[in-house]
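In what follows, a single structure is set out as structure tokens and then discussed.
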Amino acid sequence: MNMLLAAAILLGFVSLVSAHSRVTNFVIDGASYQGFNTRSPNPNILAAWSTTVKNDGWISTESYGKPDIVCHVNATNAQGHASVAAGDTVDFQWQGWPESHHGPVITYLGFCGIDRGSCESIDKTKLTFFAIDKVGLVDPSFNATSFATAWGIWASDILIRNNATWVVQIPPKIQPGHYVLRHEIIALHFARYPGQGAQHYPQCVNIEVTGGGSDEPAGTSAVDLYKPAENGLIYDISQSPTGTYKIPGPTMYTGAAAFVSQTGVMVRSSATAIPGRPTATQTGGAQAQSWG
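Take the sequence shown: its letters are residues -19 to -1, 1 to 273, numbered as in mature numbering (1 follows the signal peptide of the UniProt record, and there is no 0).
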């Protein structure tokens, strides 16, 4: 084979396998909040948790039971939060998504407390999460495109079709307070290979839920969301589906919406996160406390 041709093929392959992703921003009531970006400077106050993951990569099955599975590699608490009314939606905008990385999209909530700053300081390994949105193999009878790399239409295909955006609803009856909103895509393209397995892309943001009701759903320990032997994590997407795909992780909270329409996001403005702690300001020579 021609050396230049071989190099071009190799470069294309490297580009493909490194074409991972992250949440660039999320939208609440038309206002867009910035996500965390490891490749560029970030504001001191974000609602999105920070990580040290390189190349927007994934969490492997080796991280089950360990802190990295919670909110990604070396994730650190965001120092701000966004406000959202119970019953409203949050739109997560990803930086694209590879068609070959078929799999489910899952979103969780973890309650931090009623006090401002509780999510900004909580130990992530002490969080317990309940699922509010779980979508997996949507239709095993059809493929998303004529050149699809897996059988069936998956949640990831719907996300791609919706401009790499996923819409979730904050359940209307949960108690108000501060939560970590954990949004995740699980890529199954290597799940069938021993020693490789499913690839997790967890993204976390802090939110304050206003309104709502009195529901306090039971949660699962943040480090124990998944088990290596779960059928939904070792599923072979290259074979024609022979039965129902079981989405991994805890069962969904019964008060969550069964399905949320995946429609295009309307961004009307940009927004900055609310600081978790008061910031010092100078007023007339005297130091005052401001909540941003």
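Beta carbons: idealized from backbone N, C-alpha and C, even for Gly.
Being a predicted model, the structure only gives us computed values, none of them experimental.
Problem - Boundaries (first-last residue) of the beta strand (DSSP E) holding Ala168 - result: Within the sequence shown, the letter at position 187 stands for residue 168. Looking at the DSSP string, the run of the beta strand (DSSP E) that includes Ala168 is Gly158 to Ala168.
Report task. Assess, as a yes-or-no matter, whether the stretch 132 to 144 is touched by the stretch 97 to 109 under the definition of 3 or more beta carbon pairs within less than 8 Å. Result -> no
C-alpha distance - Ile155 paired with Ser195, whole-angstrom precision: One-based indexing of the sequence shown puts residue 155 at position 174. One-based indexing of the sequence shown puts residue 195 at position 214. Looking at the two C-alpha atoms, the distance is approximately 6 Å.
How many angstroms separate the CA atom of Ala28 from the CA atom of Ile188?
The residue labelled residue 28 in the question sits at position 47 within the sequence shown. The residue labelled residue 188 in the question sits at position 207 within the sequence shown. Cα-Cα distance, rounded: 7 Å.
Next on the checklist: Could you check whether the stretch 130 to 139 touches the stretch 171 to 183, counting it as contact only if at least three pairs of C-beta atoms, one from each stretch, sit closer than 8 Å?
Outcome noted: no
* To do: Please determine, among Asp69, Tyr160 and Ile228, the residue with the shortest C-alpha to C-alpha distance to Pro153.
  => Along the sequence shown, one-based indexing puts residue 153 at 172. Taking only the C-alpha atoms, the option nearest Pro153 is Asp69.
Quick one: Cα of Tyr182 to Cα of Gly38, how far? As a first step, residue 182 is located in the sequence shown; it is residue number 201 there, counting from the start. As a first step, residue 38 is located in the sequence shown; it is residue number 57 there, counting from the start. Distance between the alpha carbons of Tyr182 and Gly38: 7 Å.
**Other residues of its chain near Ser13: CB distance less than 6 Å, five sequence neighbours each side excluded** = Counted from its first residue, the sequence shown places residue 13 at position 32. Asn6, Val248 and Ser251, listed in sequence order.
Handout entry: Gly158 versus Thr57 - alpha carbon distance
Key = Translated into positions along the sequence shown, residue 158 becomes position 177. Translated into positions along the sequence shown, residue 57 becomes position 76. Distance between the alpha carbons of Gly158 and Thr57: 20 Å.
Got a sec, what are the start and stop residues for the beta strand (DSSP E) residue 274 sits in?
-> Lying before the first or after the last residue shown, residue 274 is absent from the chain, which here runs from -19 to 273.
Cα-Cα separation, Trp78 to Thr126: Taking the first residue of the sequence shown as position 1, residue 78 is located at position 97. Taking the first residue of the sequence shown as position 1, residue 126 is located at position 145. The straight-line gap from Cα to Cα measures roughly 15 Å.
*Tell me which same chain residues have a C-beta within less than 6 Å of the C-beta of Glu101, skipping the five on either side of it?*
Residue 101 sits at position 120 when you count from the first residue of the sequence shown. Excluding sequence neighbours, Glu101 sits near Asn58, Gln60 and Gly257.
Quick one: Cα of Ser(-2) to Cα of Asn36, how far? Within the sequence shown, the letter at position 18 stands for residue -2. Within the sequence shown, the letter at position 55 stands for residue 36. A caution first: Ser(-2) carries a pLDDT of 42, below 50, which makes its placement in the model unreliable, though a value can still be read off. Whole-angstrom Cα-Cα distance: 7 Å.
Helix, strand or coil at Gly120 [DSSP, three-state]
Numbered from its first residue, the sequence shown carries residue 120 at position 139. Reading off the sequence shown, one finds Asp at residue 120, where the question assumed Gly. Strand, per DSSP.
Distance between Ala63 and Lys115 (C-alpha atoms, nearest Å):
Stepping through the sequence shown from its first residue, residue 115 is reached at position 134. Stepping through the sequence shown from its first residue, residue 63 is reached at position 82. Each residue's alpha carbon lies about 23 Å from the other.
* Alpha carbon to alpha carbon, how far is Ile255 from Ile87? Give it in angstroms, no decimals. => Residue 87 sits at position 106 when you count from the first residue of the sequence shown. Residue 255 sits at position 274 when you count from the first residue of the sequence shown. So the alpha carbons of these two residues sit roughly 26 Å apart.
Quick check on Ala237: buried or exposed, where buried means 16 or more other Cβ atoms within 10 Å of its Cβ? Numbered from its first residue, the sequence shown carries residue 237 at position 256. So Ala237 counts as buried.
- Message: Quick check: the Cα distance between Pro209 and Pro259, rounded to an integer number of angstroms?
- Response: The residue labelled residue 209 in the question sits at position 228 within the sequence shown. The residue labelled residue 259 in the question sits at position 278 within the sequence shown. Rounded to the nearest angstrom, the two C-alpha atoms are 42 Å apart.
Put Ser252 into one of helix, strand or coil per three-state DSSP.
-> Position 271 of the sequence shown, counting from 1, holds the residue named residue 252. The residue you asked about is not Ser; residue 252 is Ala in the sequence shown. Reduced to three states, the DSSP call for Ala252 is strand.
Practice problem: Please confirm whether Ile9 and Val71 have their CB atoms less than 9 Å apart. | Solution: In the sequence shown, residue 9 corresponds to position 28, counting from 1. In the sequence shown, residue 71 corresponds to position 90, counting from 1. In contact: Ile9 and Val71 (Cβ atoms closer than 9 Å).
Worksheet entry | CA nearest to the CA of Gln15, picked from His53, Phe73 and Val65 | The sequence position of residue 15 within the sequence shown is 34, counting from 1. Selected option, being the one with the closest Cα: Phe73.
*Asp217, DSSP secondary structure in three states*: Residue numbering aside, residue 217 sits at position 236 when the sequence shown is read from its first letter. Asp217 falls in the coil class under three-state DSSP.
query: Roughly how many angstroms lie between the CA atoms of Thr225 and Asn23, to the nearest whole one?
result: Here residue 225 corresponds to residue number 244 of the sequence shown, with the count starting at 1. Here residue 23 corresponds to residue number 42 of the sequence shown, with the count starting at 1. Using only the alpha carbons, I get a separation of about 42 Å.
Cross-strand partners of Pro153 (DSSP beta bridge): One-based indexing of the sequence shown puts residue 153 at position 172. BP columns for Pro153 are empty, so no partner.
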